[in-house]
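Undergrad: Numbering (my numbering) for the sequence shown: 4 to 618.
By construction, the Cβ of each residue, glycine as well, lies at the ideal position given by its N, Cα and C atoms.
Remember, it's a predicted structure, so these values are computed and weren't measured experimentally.
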Amino acid sequence: MKFHINKIVLWLNNGKTREIDFKPNKVNVITGDSSTGKTEILDIIDYCFFSSDSKISEDIVNENTAWYGLNFNINGKGYTIARESLLEGEASNKYFFSSEGELPKKPTVNTTEKAIKSVLETEFSIDSSVAIPYGSNLIKAGSKISLRYFLMFNTISVNIIENDTGVFFDKQNKSRYRDALPRIFDLAIGIETIENILKKEKKAELESQLSKLNKKNRSISKKSSEFKDEQESLIKHAKELSLIDSNLDLNSSISELENVISGVESSLKIANKSDQTERNIYLKERKIKNLKRFTKEYESYKQNLSSTLDSLKPIAFLKEKDADIIKTSIFDDIINSFHSDLKKIKSACKKKTPIDRQVNDEIKSLEDELTELRNIRAIRPQTNKSFESEKSKYFFLGEVKSKIDLYASSNDNSPAVTEDEIEKIKGKISSIITVDTEEKKELTIKLIEEVIAEYIETTGTALTNYSKYLPVFNYPDKELLLRKPKTSFIENVGSSSNHMFLHLFFTLAMQEVAFLNKSPFVAPYIIIDQPSRPYYGSGKNRKKNIDQSDESKITKAFELLDQFIKTRISNSSEFQMIVFEHVPSEIFKDLEHVHLVEEFYNGNALIPLNMLSGN
């Protein structure tokens, strides 16, 4: 993936435009006094990349700005995002977007945040398959990963640099980002891939199916076993009740019991059969009535046709005298047409037709069935005998029936059929080859530690007492620790300047490993806010100058950043850093890949004093 920021733009309320330009493949440094707006640049970039809130200060900056803009390149394409300024501290939902990198004279709303995200997500290789692998209270499993989660790999804020609590990623004070980090980490640095995730999901789906089939198989086996255990006692009890012959063997006894149960069920259905007989009598009577009505109407129809036949008899006469008649050109056509109709009507007026026979046969058949049903009704008793005296027997037969049904149901889903399905699913599972991420995770941890060990060697004595210590990447907590050589002792690093170096090492290593693992999700840029803060201090404790040893350490930090850019360029790739600083430019002036963007001194700032006037 290729990415670099070209410039940030502020469209001021007075109509003026403030632009700050950055170069690709450089450590772009803005240095200067405090309260000149350097940190605001980081917040502006975050705001343009869809932050739902912002720390952009109202004083001077937001109160004088109408729109914030970001012009950048991704994978060789230029884009511009502009977002309206905050209103009473609330983030705006008004955006301007150009997919060609256009910088308008004044932005106007032309799209939505969702539409812009969909474009950028494509560049970041994010689609619906890039999903959260497991959920939390705030993040739903299977939901699409937000582009902003990956931006945690691109910033080192001053809060992180001064942090000594083991927090190496920004936004960890926000629970959503804190939950997201372990869920996207493997994907971000290339331990995991989308292809492997999709294969794992498919494999998990098949394994779930396999588990259900095995569970079903076990249930069938259990039911069958339980039934067989009770068979002897059931048969013995049935024989004691004289329901079946005491000399029958096991299988014959079960068959005879089923016959007894069937007979009881038949006797209990007598009332239902009576009701059914009454319904059948009613249906037969209605059908006979409808057919007789049809016969009557059909006879009436044939009588009407007979009247029409009489009116066409002259046509027959004319046909017989055909040779004696003087004809016009259409005479034959008319006479032939009438004659054809005459024959059809004669045929339809026959006394008996196939329809007559079929209807009469159907009426006779229904009348016979109706007679039979009425005879059945005539001899049936009006009430049924009570079975209350045999209650216990029927309770027992009900128990036997339920267990026979259970056994029969188990046989309907026989293990033989299920076993075939199981073998097919096992074959599908074995055909899906996934990468063992545990093994790759261990290798990646070693790679991170190896990369950081090189950084420690590059900075030499900048880590003072810890320059010979070995890096340990704590994967569960995503933090960098130092181990004393030839021991398992993890050092408690106390100095804030040492923490600053650890944060540089860590973030650079994340970028390098993501690059080596060809991760498409981590953009190749870092924004670092005031890495020299531990040396200069802040507030009332801020120093105007630093001693020579501290200046040397800051130089080492810039040499590390410069070397990182050089290495990336040598690998035919690109990388960009933007650094906000207090140090004088002489500290890094001789470094090949460090570019001084601006110095915020003597009235120059994010919004220079001379731009605040109306002129």
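(1) My understanding is that L112 touches G72, with C-beta atoms under 8 Å, so please give their C-beta distance in whole angstroms.
(2) Look at the alpha carbon of K367 and the alpha carbon of S343, and state the distance between them as a whole number of angstroms.
(3) Can you check which of these residues, T447, S522 and T39, is closest to I59 by C-alpha distance?
(4) I'd like to know whether the C-beta atoms of L141 and S178 end up nearer to each other than 8 Å.
(5) Just the C-alpha distance for F6 and A517, rounded to the nearest angstrom, thanks.
(6) Which residue's Cα is closest to the Cα of L237: L400, S214 and R289?
(7) In whole angstroms, what separates the C-alpha of Y528 from that of M580?
(8) Thinking just about the alpha-carbon of each residue, which of E577, F578, S576 and E601 is nearest to the one in S588?
(9) Quick test of the definition: if touching needs 3 or more C-beta pairs under 8 Å, does the stretch 119 to 139 touch the stretch 498 to 509?
(10) If you draw a straight line from the alpha carbon of T467 to that of Q566, how long is it in whole angstroms?
(11) Would you decide whether R86 is buried or exposed? Buried here means 16 or more other CB atoms lie within 10 Å of its CB.
(12) May I ask you to report which of helix, strand or coil DSSP gives L599?
(13) Going by DSSP, name the residue or residues bridged to T20.
(14) When you compare only the Cα positions, how much space is there between L483 and T168?
(15) Pull the bridge partners of S60 from the DSSP assignment, please.
(16) Classify A207: buried if its beta carbon has 16 or more other beta carbons within 10 angstroms, exposed otherwise.
(17) I think T125 touches G104, with their Cβ atoms under 8 Å apart; what is that distance to the nearest whole Å?
(18) Exposed or buried, which one is D439 when buried takes at least 16 other CB atoms within 10 Å?
(19) Alpha carbon to alpha carbon, how far is F603 from A118?
(20) Can you give me the start and stop residues for the alpha helix (DSSP H) that A191 sits inside?
(21) Across the stretch 564 to 578 and the stretch 22 to 35, are there enough close Cβ pairs to call them in contact, namely three or more that are closer than 8 Å?
(22) Leaving out the 5 sequence neighbours to the left and right, which residues in its chain are closer than 7 Å to N96 when beta-carbon positions are compared?
(23) Could you compute how far the alpha carbon of A526 sits from the alpha carbon of Y152?
(24) Since F476 and I493 are thought to touch, with beta carbons under 8 Å apart, how far apart are those beta carbons, to the nearest angstrom?
(25) My parser needs the beta strand (DSSP E) runs of 3 or more residues fully inside the stretch 437 to 524; what are they?
(26) Any idea if H240 is buried or exposed, counting beta-carbon neighbours within 10 angstroms, 16 or more meaning buried?
TA: On the basis of the supplied data:
(1) Position 109 of the sequence shown, counted from the first residue, corresponds to residue 112. Position 69 of the sequence shown, counted from the first residue, corresponds to residue 72. Per the sequence presented here, residue 112 reads as Val, with Leu not at that position. About 13 Å separates the two Cβ atoms, so there is no contact after all.
(2) Counting from 1 along the sequence shown, the entry for residue 367 is found at position 364. Counting from 1 along the sequence shown, the entry for residue 343 is found at position 340. So the two alpha carbons sit approximately 36 Å from each other.
(3) Counting from 1 along the sequence shown, the entry for residue 59 is found at position 56. Comparing Cα-Cα distances from I59 to each of T447, S522 and T39, the minimum goes to T39.
(4) The residue you call residue 141 lines up with position 138 of the sequence shown. The residue you call residue 178 lines up with position 175 of the sequence shown. Contact: yes.
(5) One-based indexing of the sequence shown puts residue 6 at position 3. One-based indexing of the sequence shown puts residue 517 at position 514. When rounded, the distance between both Cα atoms is 14 Å.
(6) In the sequence shown, counting from the first residue as 1, residue 237 sits at position 234. Comparing Cα positions, the closest option is L400.
(7) For this step, residue 528 is matched to residue 525 along the sequence shown. For this step, residue 580 is matched to residue 577 along the sequence shown. Each residue's alpha carbon lies about 6 Å from the other.
(8) Sequence index remark: in the sequence shown, residue 588 carries index 585 (1-based). The candidate whose alpha carbon is nearest that of S588 is E601.
(9) no
(10) Here residue 467 refers to the residue found at position 464 of the sequence shown. Here residue 566 refers to the residue found at position 563 of the sequence shown. Whole-angstrom Cα-Cα distance: 20 Å.
(11) Your numbering for residue 86 matches position 83 in the sequence shown. The residue in question, R86, is buried, as its Cβ has 16 or more Cβ neighbours within 10 Å.
(12) For the purposes of this step, residue 599 is taken as the residue at position 596 of the sequence shown. L599 falls in the strand class under three-state DSSP.
(13) Taking the first residue of the sequence shown as 1, we reach residue 20 at position 17. DSSP output for T20 lists W14 as bridge partner(s).
(14) Counting from 1 along the sequence shown, the entry for residue 483 is found at position 480. Counting from 1 along the sequence shown, the entry for residue 168 is found at position 165. In a straight line, the C-alpha of L483 is about 11 Å away from that of T168.
(15) The residue given as residue 60 occupies position 57 in the sequence shown. S60 pairs with nothing; no bridge assigned.
(16) Stepping through the sequence shown from its first residue, residue 207 is reached at position 204. Result: exposed.
(17) The residue you call residue 125 lines up with position 122 of the sequence shown. The residue you call residue 104 lines up with position 101 of the sequence shown. Not a contact, Cβ separation roughly 16 Å.
(18) For this step, residue 439 is matched to residue 436 along the sequence shown. By the neighbour-count rule (16 or more Cβ atoms within 10 Å), D439 is not buried but exposed.
(19) As a first step, residue 603 must be located in the sequence shown, where it is residue number 600. As a first step, residue 118 must be located in the sequence shown, where it is residue number 115. Computed Cα separation, rounded: 36 Å.
(20) In the sequence shown, residue 191 corresponds to position 188, counting from 1. S178 to I192 is the extent of the alpha helix (DSSP H) around A191.
(21) yes
(22) As a first step, residue 96 is located in the sequence shown; it is residue number 93 there, counting from the start. Taken in chain order, the residues that qualify are E116.
(23) Against the sequence shown, residue 526 aligns to sequence position 523. Against the sequence shown, residue 152 aligns to sequence position 149. Going by the C-alpha atoms only, they are around 12 Å apart.
(24) As a position in the sequence shown, residue 476 is number 473, starting the count at 1. As a position in the sequence shown, residue 493 is number 490, starting the count at 1. 12 Å between Cβ atoms; not a contact.
(25) 473 to 477 and 482 to 486
(26) To locate residue 240, count along the sequence shown from 1; it is residue 237. It counts as exposed.
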